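Protein chains: 2
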Amino acid sequence: MKKLMSIASLAALAAAPPLSAQDTAKPKMLSPGQIVDQAAPEEWQAIAASDLLIMKLQPDAKGKERQIIIQLMPPPFSQGWVRNIRKLAKANWWDGTRIVRVQDNYVVQWGDPAQEESQRKPLPDGLEVMAEEDYIQQITSEDPPDTIVWSSGSYGVDNYSDMGLFENGWPLASSIGVNDTKTRSHWPVHCYGTVGVGRSLTPDTGSGAELYTVIGHAPRHLDRNIAVVGRIIEGMHHLSSLPRGFGPLGFYETPEEQVPIQSIRLASELPAAEQPRFEYLSTEGESFAKYANRRANREPPFFIKPAGGADICNIPVPVRRVKEAD
Amino acid sequence: MKKLMSIASLAALAAAPPLSAQDTAKPKMLSPGQIVDQAAPEEWQAIAASDLLIMKLQPDAKGKERQIIIQLMPPPFSQGWVRNIRKLAKANWWDGTRIVRVQDNYVVQWGDPAQEESQRKPLPDGLEVMAEEDYIQQITSEDPPDTIVWSSGSYGVDNYSDMGLFENGWPLASSIGVNDTKTRSHWPVHCYGTVGVGRSLTPDTGSGAELYTVIGHAPRHLDRNIAVVGRIIEGMHHLSSLPRGFGPLGFYETPEEQVPIQSIRLASELPAAEQPRFEYLSTEGESFAKYANRRANREPPFFIKPAGGADICNIPVPVRRVKEAD
Numbered sequence: 001m002k003k004l005m006s007i008a009s010l011a012a013l014a015a016a017p018p019l020s021a022q023d024t025a026k027p028k029m030l031s032p033g034q035i036v037d038q039a040a041p042e043e044w045q046a047i048a049a050s051d052l053l054i055m056k057l058q059p060d061a062k063g064k065e066r067q068i069i070i071q072l073m074p075p076p077f078s079q080g081w082v083r084n085i086r087k088l089a090k091a092n093w094w095d096g097t098r099i100v101r102v103q104d105n106y107v108v109q110w111g112d113p114a115q116e117e118s119q120r121k122p123l124p125d126g127l128e129v130m131a132e133e134d135y136i137q138q139i140t141s142e143d144p145p146d147t148i149v150w151s152s153g154s155y156g157v158d159n160y161s162d163m164g165l166f167e168n169g170w171p172l173a174s175s176i177g178v179n180d181t182k183t184r185s186h187w188p189v190h191c192y193g194t195v196g197v198g199r200s201l202t203p204d205t206g207s208g209a210e211l212y213t214v215i216g217h218a219p220r221h222l223d224r225n226i227a228v229v230g231r232i233i234e235g236m237h238h239l240s241s242l243p244r245g246f247g248p249l250g251f252y253e254t255p256e257e258q259v260p261i262q263s264i265r266l267a268s269e270l271p272a273a274e275q276p277r278f279e280y281l282s283t284e285g286e287s288f289a290k291y292a293n294r295r296a297n298r299e300p301p302f303f304i305k306p307a308g309g310a311d312i313c314n315i316p317v318p319v320r321r322v323k324e325a326d
Numbered sequence: 327m328k329k330l331m332s333i334a335s336l337a338a339l340a341a342a343p344p345l346s347a348q349d350t351a352k353p354k355m356l357s358p359g360q361i362v363d364q365a366a367p368e369e370w371q372a373i374a375a376s377d378l379l380i381m382k383l384q385p386d387a388k389g390k391e392r393q394i395i396i397q398l399m400p401p402p403f404s405q406g407w408v409r410n411i412r413k414l415a416k417a418n419w420w421d422g423t424r425i426v427r428v429q430d431n432y433v434v435q436w437g438d439p440a441q442e443e444s445q446r447k448p449l450p451d452g453l454e455v456m457a458e459e460d461y462i463q464q465i466t467s468e469d470p471p472d473t474i475v476w477s478s479g480s481y482g483v484d485n486y487s488d489m490g491l492f493e494n495g496w497p498l499a500s501s502i503g504v505n506d507t508k509t510r511s512h513w514p515v516h517c518y519g520t521v522g523v524g525r526s527l528t529p530d531t532g533s534g535a536e537l538y539t540v541i542g543h544a545p546r547h548l549d550r551n552i553a554v555v556g557r558i559i560e561g562m563h564h565l566s567s568l569p570r571g572f573g574p575l576g577f578y579e580t581p582e583e584q585v586p587i588q589s590i591r592l593a594s595e596l597p598a599a600e601q602p603r604f605e606y607l608s609t610e611g612e613s614f615a616k617y618a619n620r621r622a623n624r625e626p627p628f629f630i631k632p633a634g635g636a637d638i639c640n641i642p643v644p645v646r647r648v649k650e651a652d
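Here is the structure:
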């Protein structure tokens with residue numbers, strides 16, 4: 001089996017400060033990554049194969065495979081687009097499409113490279129058309145659920161909502177209704193690695209065929225304006241390290257710069273033995289609470305001033321590949 | 327003259343949402359980038375040549391030049407390290423050193439690739455040794471200066487301090503003293519493209535010879551723990567698109583992966599005609615206030631839900647290359 005880094009490992013590394021290469025002393029307290037590594041097995045939640053997309057780019061210049069795994073957004077958010085994306089994958093629609101845009105500190109975007117409408121690849125029948133209210137992605141509840149173990153109220157604040165929180169493995173923003181203080185809206189947020197749906201000017205124009213992922217600082221202003229449909233959970237570096245485009249908005253200027261997509265498949269469409277398996281650390285468990293708290297309060301001896309708070313996008317939810325039985 | 331994108335252009339692009347390639351309709355309100363483009367000439371502040379570092383990597387696989395420009399941090403912050411960096415540049419110390427670490431969603435780091443102390447390149451004489459109090463980078467004033475046109479108090483909040491603000495062209499965090507409410511500390515913050523000083527476990531170990539820049543979501547927990555000494559103002563893509571390293575902490579595992587640095591020079595050491603010239607948009611002017619406000623409240627018709635706030639690292643200070651006279 002190929003060695004690939006899990007998001008859990010990335011989270012552990014991200015916790016580590018820049019060190020001199022020769023410095024190998026160990027901190028005394030558990031790091032955020034160590035807390036994750038010590039979580040009880042029952043705190044890990046399996047991700048359904050129907051929520052995993054396997055994206056293969058054309059091999060790189062050295063002939064190395066480039067595979068990216070996307071976890072699709074679970075209910076109640078963005079499900080119209082998610083259903084479209086499953087249809088597009090089952091129709092092999094992305095095969096032969098391309099990465100068309102790489103804008104530094106913003107997004108990598110892929111889909112049909114055709115500039116003119118008449119040349120665009122036909123979409124499968126039966127795709128759902130979404131509207132403005134679907135972008136708002138509103139669900140209502142009188143109070144935040146009592147299962148929440150981390151919210152920005154405890155350890156920080158959120159510039160883009162009343163409160164940031166984690167639920168069912170995803171970072172969400174939450175605000176009390178403007179006209180109705182008994183209702184509350186939740187919506188998924190744009191962080192590094194988030195996958196969203198490209199669209200034109202009107203809210204009904206994004207089908208899910210054009211997708212992007214965030215490769216820079218969280219563009220939270222896109223929240224509630226563009227549908228969040230998933231996140232990259234493995235192989236992010238194949239996208240984030242692509243050469244940047246220098247046309248307007250970071251689009252590649254020539255077809256030669258575009259990166260061909262070999263295929264995007266739902267894991268559930270593969271034979272069971274070939275399905276990759278992933279799990280995420282429950283965001284309702286004790287270990288996640290400790291992990292989030294430690295990311296807000298880094299350990300000595302390296303850290304001399306723990307921050308005491310953290311941005312919701314600086315607390316990536318740990319996701320890992322389930323090891324195959326030996 | 328080679329066509330290179332300015333940070334001002336990048337800011338304008340970053341303001342634009344992911345669009346379908348064929349969509350060219352124009353919004354009616356001024357975008358953040360348009361506000362910057364229309365700023366009066368006197369709102370632009372020249373950056374001193376002694377505050378500009380020119381970093382040249384070995385040309386890429388296709389033989390293309392790779393040049394990165396770093397703006398050094400002005401007083402009162404981090405000046406001991408900045409003086410060291412000027413000394414290192416004048417001694418041509420970085421010539422032949424390497425990029426040794428590229429950790430996805432975190433940092434690119436460069437310096438002496440030697441693993442063993444005995445093999446490390448000698449540092450120039452007379453480098454200053456910094457201590458814990460220098461990392462805190464504290465200045466005091468009873469109140470925030472009345473020249474501040476944007477602070478997180480007006481348009482948002484800051485998870486890592488009492489208040490985020492901009493002063494003299496830089497994003498800063500600010501907190502009231504714990505024991506003395508009449509004093510206030512300011513410190514520079516880690517955003518995308520920020521340049522900082524790598525160090526070992528104790529605060530006195532970073533000279534400025536090992537540097538890194540941020541290539542992901544703002545790692546604000548490093549603020550006050552590592553010295554911020556500058557930011558990338560041109561050529562960021564040459565660093566952010568490098569292949570990731572897969573050793574611990576994202577260090578490259580083999581010397582072949584490391585990227586040789588040809589040279590790092592102070593612009594002020596070059597003949598006047600060869601000195602690149604840059605300027606930044608005054609953060610105390612009317613245009614910056616409008617720009618920051620517009621980044622917090624994106625324009626219709628694309629945006630259906632303006633955020634009403636913005637993270638300090640989502641308001642990059644516009645910096646541009648001064649055009650040469652025709």
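Just so you know, the sequences run in chain order G and D.
The first sequence lines up with residues 1 to 326 when you count with this note's numbering.
The second sequence lines up with residues 327 to 652 when you count with this note's numbering.
Ideal Cβ placement from N, Cα and C applies to all residues, glycine included.
Please read these numbers as outputs of a predicted model, since none were measured by experiment.
In whole angstroms, what is the alpha-carbon distance linking D/Ile590 and D/Ser376? As a first step, residue 590 of chain D must be located in the second sequence, where it is residue number 264. As a first step, residue 376 of chain D must be located in the second sequence, where it is residue number 50. Rounded to the nearest whole angstrom, the CA to CA distance from D/Ile590 to D/Ser376 is 13 Å.
Does DSSP put D/Ala372 in a helix, a strand or coil? Residue 372 of chain D sits at position 46 when you count from the first residue of the second sequence. Here D/Ala372 carries a strand assignment [DSSP, helix/strand/coil].
Contact check, G/His221 vs D/Ala636 under 8 Å by CB: the rounded distance? Within the first sequence, the letter at position 221 stands for residue 221 of chain G. Within the second sequence, the letter at position 310 stands for residue 636 of chain D. With 8 Å as the limit, G/His221 and D/Ala636 qualify as a contact, their Cβ atoms being about 7 Å apart.
What runs of the alpha helix (DSSP H), each 4 residues or longer, lie entirely inside the segment 426-463 of chain D? Counting only runs that start and end inside the segment 426-463 of chain D, the alpha helix (DSSP H) elements of at least 4 residues fall at 458-462.
Applying the 10 Å Cβ sphere with the 16-neighbour rule, what's the burial state of G/Met29? As a working note, residue 29 of chain G is residue 29 in the first sequence. Exposed, because fewer than 16 other Cβ atoms sit within 10 Å of the Cβ of G/Met29.
Check whether G/Trp150 and G/Leu172 have beta carbons under 8 Å apart: Sequence index remark: in the first sequence, residue 150 of chain G carries index 150 (1-based). Sequence index remark: in the first sequence, residue 172 of chain G carries index 172 (1-based). Cβ distance not < 8 Å, so G/Trp150 and G/Leu172 don't count as in contact.
Short of 8 Å in beta carbon distance, which residues of its chain neighbour D/Thr609, apart from the five on each side in sequence? Order them along the chain. Numbered from its first residue, the second sequence carries residue 609 of chain D at position 283. The answer, listed in chain order, is Val475, Trp476, Phe492, Glu493, Asn494, Gly495, Trp496 and Val643.
Report the three-state DSSP secondary structure of G/Thr205 (helix, strand or coil). The residue labelled residue 205 of chain G in the question sits at position 205 within the first sequence. Correct three-state label for G/Thr205: helix.
Measuring only the C-alpha atoms, how far is D/Ile502 from D/Lys508? For the purposes of this step, residue 502 of chain D is taken as the residue at position 176 of the second sequence. For the purposes of this step, residue 508 of chain D is taken as the residue at position 182 of the second sequence. Near 7 Å, if we compare the C-alpha coordinates of D/Lys508 and D/Ile502.
Could you tell me whether the segment 425-432 of chain D touches the segment 397-416 of chain D, using the rule of 3 or more Cβ pairs below 8 Å? Contact between the segment 425-432 of chain D and the segment 397-416 of chain D is absent: fewer than three C-beta pairs spanning the two stretches fall below 8 Å.
Near-chain D residues of the segment 229-243 of chain G (beta-carbon distance less than 7 Å), N- to C-terminal order: Within the segment 229-243 of chain G, the residues whose Cβ lies closer than 7 Å to some Cβ of chain D are Met236, His237, Ser240, Ser241, Leu242 and Pro243, listed in chain order.
Given this structure, state the Cα-to-Cα distance separating G/Asp23 from D/Ser526, to the nearest angstrom. Within the first sequence, residue 23 of chain G is the residue found at index 23, counting from 1. Within the second sequence, residue 526 of chain D is the residue found at index 200, counting from 1. With a pLDDT of 48 at G/Asp23, under the threshold of 50, the predicted position of this residue should be treated as unreliable, though the coordinate-derived value follows. Rounded to whole angstroms, G/Asp23 to D/Ser526 spans 6 Å at the Cα level.
My parser needs the beta strand (DSSP E) runs of 3 or more residues fully inside the segment 374-411 of chain D; what are they? Those beta strand (DSSP E) runs which fall completely within the segment 374-411 of chain D and span 3+ residues are 378-383 and 392-398.
With respect to the beta strand (DSSP E) encompassing G/His186, which residues constitute its N-terminal and C-terminal limits? Counting from one through the first sequence, the residue named residue 186 of chain G turns up at place 186. Arg184 to Pro188 is the extent of the beta strand (DSSP E) around G/His186.
If you run the structure through DSSP and keep just helix, strand and coil, what is G/Gly216? Here residue 216 of chain G refers to the residue found at position 216 of the first sequence. Note: G/Gly216 maps to coil in three-state DSSP.
Taking 8 Å as the cut-off, decide whether the C-beta atoms of G/Arg224 and G/Ile136 are in contact. Position 224 of the first sequence, counted from the start, is the residue given in the question as residue 224 of chain G. Position 136 of the first sequence, counted from the start, is the residue given in the question as residue 136 of chain G. Yes, these two residues count as a Cβ contact at 8 Å.
Could one say the Cβ of G/Asn314 lies closer than 8 Å to chain D's Cβ atoms, at least one of them? On the first sequence, residue 314 of chain G is found 314 positions in, with the first residue counted as 1. Chain D contact via Cβ: present.
Roughly how far, in whole angstroms, is the beta-carbon of D/Ser533 from the beta-carbon of D/Leu449, given that I think they are within contact range, below 8 Å? To locate residue 533 of chain D, count along the second sequence from 1; it is residue 207. To locate residue 449 of chain D, count along the second sequence from 1; it is residue 123. Rounded to the nearest angstrom, the Cβ distance from D/Ser533 to D/Leu449 is 6 Å, consistent with a contact under 8 Å.
Sequence-distant residues of the same chain with beta carbon closer than 7 Å to G/Gly193, five excluded per side: For the purposes of this step, residue 193 of chain G is identified with residue 193 of the first sequence, where counting begins at 1. Cβ neighbours of G/Gly193 beyond the five flanking positions: Thr213, Val214, Arg231, Ile232 and Met236.
Could you give the DSSP three-state label for D/Glu621: helix, strand or coil? The sequence position of residue 621 of chain D within the second sequence is 295, counting from 1. The sequence given here places Arg at residue 621 of chain D; Glu does not occur at that position. Residue state, collapsed to three classes: helix.
What do you get for G/Pro76, buried or exposed, if any count of 16 or more other CB atoms within 10 angstroms of its CB means buried? Here the question's residue 76 of chain G lines up with position 76 in the first sequence. With fewer than 16 other Cβ atoms within 10 Å, it is exposed.
Could you give the DSSP three-state label for G/Ile35: helix, strand or coil? In the first sequence, residue 35 of chain G corresponds to position 35, counting from 1. Reduced to three states, the DSSP call for G/Ile35 is helix.
D/Phe629 to G/Gln79, Cα distance in whole Å? Position 303 of the second sequence, counting from 1, holds the residue named residue 629 of chain D. Position 79 of the first sequence, counting from 1, holds the residue named residue 79 of chain G. Roughly 21 Å separates the two Cα atoms.
Is the segment 250-263 of chain G in contact with the segment 47-65 of chain G, if contact means three or more CB pairs nearer than 8 Å? At 8 Å Cβ cutoff, the stretches touch.
So which residues on chain D does G/Ile304 lean against when the C-beta distance must stay under 7 Å? As a first step, residue 304 of chain G is located in the first sequence; it is residue number 304 there, counting from the start. Taking the beta carbon of G/Ile304 as reference, the chain D residues within 7 Å of it are Glu458, Tyr461, Pro529 and Asn551, listed in sequence order.
The beta strand (DSSP E) with G/Ser240 in it runs from where to where? Indexing the first sequence from 1 puts residue 240 of chain G at position 240. Element bounds for G/Ser240: not the beta strand (DSSP E) but the alpha helix (DSSP H), Met236 to Ser240.
So which residues of chain G does D/Ala636 contact, with C-beta pairs closer than 9 Å? Translated into positions along the second sequence, residue 636 of chain D becomes position 310. Within chain G, the residues Asn159, Tyr160, Arg220 and His221 have their CB atoms less than 9 Å from the CB of D/Ala636, given in chain order.
Are the segment 605-624 of chain D and the segment 355-369 of chain D in contact at 8 Å, needing three or more beta carbon pairs? The segment 605-624 of chain D vs the segment 355-369 of chain D: in contact.
Through-space distance from G/Ile70 to G/Arg320, alpha-carbon basis: Your numbering for residue 320 of chain G matches position 320 in the first sequence. Your numbering for residue 70 of chain G matches position 70 in the first sequence. Near 12 Å, if we compare the C-alpha coordinates of G/Ile70 and G/Arg320.
Go ahead and pull the three-state DSSP assignment for G/Glu286. Position 286 of the first sequence, counted from the start, is the residue given in the question as residue 286 of chain G. Helix at G/Glu286.
Is the CB of G/Ala307 under 8 Å away from at least one CB in chain D? Position 307 of the first sequence, counting from 1, holds the residue named residue 307 of chain G. At a cut-off of 8 Å between C-beta atoms, G/Ala307 counts as an interface residue with respect to chain D.
Nearest-angstrom Cβ-Cβ length linking G/Pro243 and G/Glu257, presumed shorter than 8 Å: Within the first sequence, residue 243 of chain G is the residue found at index 243, counting from 1. Within the first sequence, residue 257 of chain G is the residue found at index 257, counting from 1. G/Pro243 to G/Glu257, Cβ: 7 Å. Contact.
Measure how close the beta-carbons of D/Phe604 and D/Ile373 come, nearest whole angstrom, since I'm counting them as under 8 Å. Here residue 604 of chain D refers to the residue found at position 278 when the second sequence is read from its first residue. Here residue 373 of chain D refers to the residue found at position 47 when the second sequence is read from its first residue. D/Phe604 to D/Ile373, Cβ: 5 Å. Contact.
As assigned by DSSP and simplified to three states, the class of D/Lys413: Against the second sequence, residue 413 of chain D aligns to sequence position 87. DSSP, reduced to helix, strand and coil, places D/Lys413 within a helical segment of the structure shown.
What is the C-beta distance between G/Glu269 and G/Lys90, in whole angstroms, given that I count them as a contact (C-beta under 8 Å)? Numbered from its first residue, the first sequence carries residue 269 of chain G at position 269. Numbered from its first residue, the first sequence carries residue 90 of chain G at position 90. Contact between G/Glu269 and G/Lys90 holds, since their C-beta atoms are separated by about 6 Å, short of 8 Å.
Given a limit of 7 Å on CB to CB distance, which residues of the segment 71-96 of chain G reach chain D? Going along the segment 71-96 of chain G in chain order, one finds no residue with a Cβ nearer than 7 Å to chain D.
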